[in-house]
Amino acid sequence: MVSKTEETQLNRLENQVDNGGGGAWEYLCLVRKLKVRRSEKVLKYGLSILNDLKKRSGLGSEEWTLYEQVAIAAMDCQSLDVAKDCIRLLRKAFPESKRVGRLEAMFLEAKGSWAEAEKAYSSFLEENPLDQVIHKRRVAMAKAQGNISGAIEWLNKYLEIFMADHDAWRELAEIYVSLQMYKQAAFCYEELILSQPTVPLHHLAYADVLYTLGGLENLQTAKKYYASVIDLTGGKNTRALFGINLCTSAIGQLVKGRNKEDKESLELQSLAATALEKDYKQRAPEKLSLLTTALKSLKVSS
Amino acid sequence: MGGELRYEIAQNAYIKLVLHALKHKTSAVNGILLGRVSPQNDVVEIIDSVPLFHSHIGLLPQLEISLILIEEHFAAKGVSIVGYFHANERFDDHELGGIAKNVGDHINRYLPQAAILLLDNRKLEALSKTKDRSPVVQIYTKDASRTWKLVGSDGNQLTIKEPSANVVLLDYISTEKWQDVVDFDDHLDDISKDWLNPELFK
Chain A
1 MVSKTEETQL NRLENQVDNG GGGAWEYLCL VRKLKVRRSE KVLKYGLSIL NDLKKRSGLG
61 SEEWTLYEQV AIAAMDCQSL DVAKDCIRLL RKAFPESKRV GRLEAMFLEA KGSWAEAEKA
121 YSSFLEENPL DQVIHKRRVA MAKAQGNISG AIEWLNKYLE IFMADHDAWR ELAEIYVSLQ
181 MYKQAAFCYE ELILSQPTVP LHHLAYADVL YTLGGLENLQ TAKKYYASVI DLTGGKNTRA
241 LFGINLCTSA IGQLVKGRNK EDKESLELQS LAATALEKDY KQRAPEKLSL LTTALKSLKV
301 SS
Chain B
1 MGGELRYEIA QNAYIKLVLH ALKHKTSAVN GILLGRVSPQ NDVVEIIDSV PLFHSHIGLL
61 PQLEISLILI EEHFAAKGVS IVGYFHANER FDDHELGGIA KNVGDHINRY LPQAAILLLD
121 NRKLEALSKT KDRSPVVQIY TKDASRTWKL VGSDGNQLTI KEPSANVVLL DYISTEKWQD
181 VVDFDDHLDD ISKDWLNPEL FK
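Top line first, the protein sequences correspond to chains A and B. Residues in the first sequence are numbered consecutively from 1, following the UniProt record's numbering. Residues in the second sequence are numbered consecutively from 1, following the UniProt record's numbering.
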C-alpha cells in the first residue's frame, strides 16, 4: 500500500514532469518502486526517454528496466505496437530470459489470445510452481475474461501457498464484495486483521461488510470495529464516525421496545456525531447544516 | 405505467457521470440521478447527478450515508432521487449486475418510475467517429413483471436535453476534464472535497 507521503511525493513529481520541469526518469523509478498504475504517463514519458538516444544511453543497463516498464504500460493502454517493439528488443538482448518470456505471454493476453497465454503460463508454472507473478497473471486473466468464479478459484489456490500475501487477500475480498458474497468477504478481512492488526483499513472494511450483512449480532460487531478504527486513527476517519451512527441507529430500530438502549452506546453515538460536526465545521462549513440534519435523522427516537 | 414514459437528462448531469467513469477506468463506478416527474406524468426529468463511488461499491454503509445527505440537500430544492447510474468494471461487460439491480430496487421502492442507466462502453468508444447525438448509456426500467428491462433500443426513450451534449463531452474528454470530478468516495476520504462539483462546469 502507498502511504500518504509517498502519494504526495509521486503527485508532485508527476506534476513537475507534466509541466515540462524535468525529472521523468525519477518519476518512472518512483512509479516502479511504489508499484502504482499510471500506465498512460509511463508510456508517454518512458517513450520520450527511449526515443532520445542520448538520454537512453545515459541510463546504462537501466535501459532494459525501462523497456520492460514501458512494454507493460503500453499493453495496459492497448498500444500493442509499442509493446511489441519493446519486447522484441528485450528478447534480442536476453535470448534465454524467462522474464522476457513472461512479457511475451502477457502480450498474448493483451491481444486476447487467451488460450495461448494460458498455455505459456502453465508451462512456466511447471518449471517453477512458486512463481508468484505467473499465478497472479492467471487470476487477472480469468477476471479479464469475465470468468469471476475462475478468478476466485485461482486466487484461493494461490493463497493456499502464499498465505501471507495481503494484497491477494484484499483482492479476493473485493471480488467477493462485488459478487455480494459478504460472508466470504468477511472471512478474508478476518484473515487480514489477524495478520495486520494495526491497519485501520482492514477494520473499516470488515465493519462495512458486517453492516451490509445486517442482523443484530453483525451490527454490534461492526460497531466495535468502527470504534477500533477511530481508536487506530485518532478519531480522524470520517467513514468510521458515520459507521458508528449508522450502527447505533440500526441496532436501535432492531431492539426497539425490547430493552432499554444502554447508555454507553448512545454516548458513543453522540461522541461520534460531535466529532463529525467539529470536523465539518472546520473543513466543510457549507455542508455543516446538512450533516446536522442527517445525523438527527439517525438518532434513535426513544 | 404505459410505454409512453420518457426520460430526459440534462447535459451537465449526463457529462458528470460519464467523466466520473472515465476518471476511474479500471473500476466499476456509480452515481445518483436527481430530478422530478413532470406534472403530466409523461417525462422523468433528470436535472442533476452526483457521482458516488469508485471502490467497494457493493458495501452498504457508504451508500446509506450518501443517499441520506444527497436526498436532504436536494429536497430543499424540490428535487428528488429519480434513478441510478452504473458503469461496469470491464469494458466488454454489458450486463446489468446484481449490485446495480439492488440499488435500483431500493430507489424503485420510493419511485416506481425510477430508471437505471448503464454506461455503454462501445458507444462511448465510437463516439468520436460516429458523431452520435444520443446518450452513450443504456436505460433500464422496471416493467409489470417487476424485473429490470432494457428499453428504447430505438433511442427515443432517453434523450439529452441539449442536443450538442456529446460534442461538449468529447471536448471535455480531450482536455482531460475528468480529472476534476469529485465523488462521494473522495468526500469521505477528505470532506473538504465537494461532491456537488460546483466548479466542474465553470
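Glycine included, every Cβ here is placed at the ideal spot set by N, Cα and C.
A contact is defined here as three or more CB-CB pairs under 8 Å, and the stretch 45-55 of chain B meets this definition with respect to the stretch 3-15 of chain B. Interface residue (Cβ-Cβ distance to chain A less than 9 Å): Ser192 of chain B is classified as such. The residue from B:Asn41, B:Leu196, B:Glu89 and B:Val29 with its alpha-carbon nearest to that of Glu8 of chain B is B:Asn41.
The alpha-carbon of Thr130 of chain B is positioned some 22 Å away from that of Lys25 of chain B.
For Pro61 of chain B, the uninterrupted alpha helix (DSSP H) segment begins and ends at Leu60 to Ala75. Burial check for Met163 of chain A: the Cβ neighbour count within 10 Å stays below 16, so the residue is exposed. Here His86 of chain B carries a strand assignment [DSSP, helix/strand/coil]. If the five residues before and after Leu179 of chain A are omitted, its C-beta is found closer than 7 Å to the C-beta atoms of Ile148, all from its own chain and listed in chain order. In the three-state DSSP reduction, Pro135 of chain B falls in the coil class, being neither helix nor strand. Bounds of any alpha helix (DSSP H) do not take in Asp48 of chain B; it lies within the beta strand (DSSP E) bounded by Val43 to Pro51. Annotated three-state conformation of Thr147 of chain B is coil, per DSSP.
A residue is called buried when at least 16 other Cβ atoms come within 10 angstroms of its Cβ; Phe201 of chain B does not meet this threshold and is exposed.
Across the structure, Cys247 of chain A and Ala222 of chain A are spaced so that their CA atoms are roughly 7 Å apart.
Counting C-beta atoms within 10 angstroms of its own C-beta, Gln138 of chain B has 16 or more neighbours from the protein chains shown and is therefore classed as buried. Between Leu5 of chain B and Ile32 of chain B, the C-beta gap is not smaller than 9 Å, which leaves the two residues out of contact. Closer than 9 Å to the CB of Glu174 of chain A there is at least one CB belonging to chain B. Below the 7 Å Cβ cutoff, chain B contributes Leu188 and Ile191 as neighbours of Thr238 of chain A, in chain order. In the three-state DSSP reduction, Val199 of chain A falls in the coil class, being neither helix nor strand. Following the DSSP letters along the chain, one finds Arg36 of chain B inside the beta strand (DSSP E) bounded by residues Val29 to Val37. Using a Cβ-Cβ cut-off of 7 Å, Leu69 of chain B is close to Leu290 and Ala294 of chain A, given in chain order.
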